[in-house]
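Note that the sequence shown covers residues 776 to 930 in the numbering used here.
Idealized CB from N, CA, C, for every residue including glycine.
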Amino acid sequence: MDSSSYARFDRPGHAITGDRTRSGADKRAAVGYDYAHAVVDDHSRLAYAEVLPDERAGTVVAFTQRALRFFETHGIQTRRLMTDNAWCYTHSRDFRSLLASRGIKHLTTQPYRPRTNGKVERFHQTMAREWAYGVRYRDSAARHRALPHWLDHYG
């Protein structure tokens with residue numbers, strides 16, 4: 776399980792030409808990111824992903840619950856969940872209790888070694904190339920709406 780950030784935008788070409796109608800302070804205030812959270816099954820490579828507004832512990836716990844339900848509907852019983860060492864995974868009591876209540880062992884990657892969690896890292900690369908930046912979208916909301924269709928195509 777991992778997440779990756781994608782810059783928000785409100786119209787195509789914003790990063791190419793910039794927005795010259797606002798001051799620098801206004802532009803900086805408008806900058807933001809969306810976070811694509813993803814879980815990839817180690818055996819089947821079945822992936823579940825959502826775009827969420829942050830990487831806070833509460834968001835991650837709710838996402839993990841939905842992801843576990845998704846895999847259960849596909850007949851996949853989760854026994855171990857590997858994450859990186861982000862604060863939301865390693866310091867959240869709610870995250871720990873969710874995994875403990877389901878009998879899931881939490882594994883963490885070696886610090887600064889993304890290849891330890893290579894399948895989901897590669898999935899994020901593919902997502903960035905094919906879904907997030909490989910297609911022109913009208914705005915971030917259109918990109919969000921396209922994710923379920925891309926996941927159907929990917930899986």
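For residue 859, which residues of its own chain have a beta-carbon under 8 Å away from its beta-carbon, when the five flanking residues on both sides are left out? 777, 883, 884, 889, 892
State the DSSP-derived secondary structure class of residue 812, mapped to helix, strand or coil. Residue 812: strand per DSSP, three-state reduction.
Secondary structure of residue 881, DSSP reduced to three states: strand
Length of the line joining the Cα atoms of residue 849 and residue 820: 12 Å
For residue 874, which residues from the same chain have a beta carbon less than 7 Å from its beta carbon, with the 5 sequence-adjacent residues on both sides left out? 856, 881
Assigned secondary structure, residue 802 (DSSP; H/G/I helix, E/B strand, else coil): Interpretation of residue 802 is limited by its pLDDT of 47, a score under 50 that renders its predicted location unreliable; the figure taken from the coordinates is listed afterwards. Residue state, collapsed to three classes: helix.
Contact defined as beta carbons within less than 8 Å: I believe residue 811 pairs with residue 826. What is the distance between those atoms, to the nearest angstrom? 5 Å
Let me know if residue 818 comes out buried or exposed under the rule of 16 or more other beta-carbons within 10 Å of its beta-carbon. exposed
Taking just the CA atoms, how far does residue 921 sit from residue 928? 11 Å
Proximity below 8 Å, CB of residue 842 to CB of residue 823: Taking C-beta atoms as the reference points, residue 842 and residue 823 count as a pair closer than 8 Å.
Please say whether residue 779 and residue 861 have beta carbons closer to each other than 8 Å? Cβ distance not < 8 Å, so residue 861 and residue 779 don't count as in contact.
Residue 879 to residue 815 span [Cα, whole Å]: 15 Å
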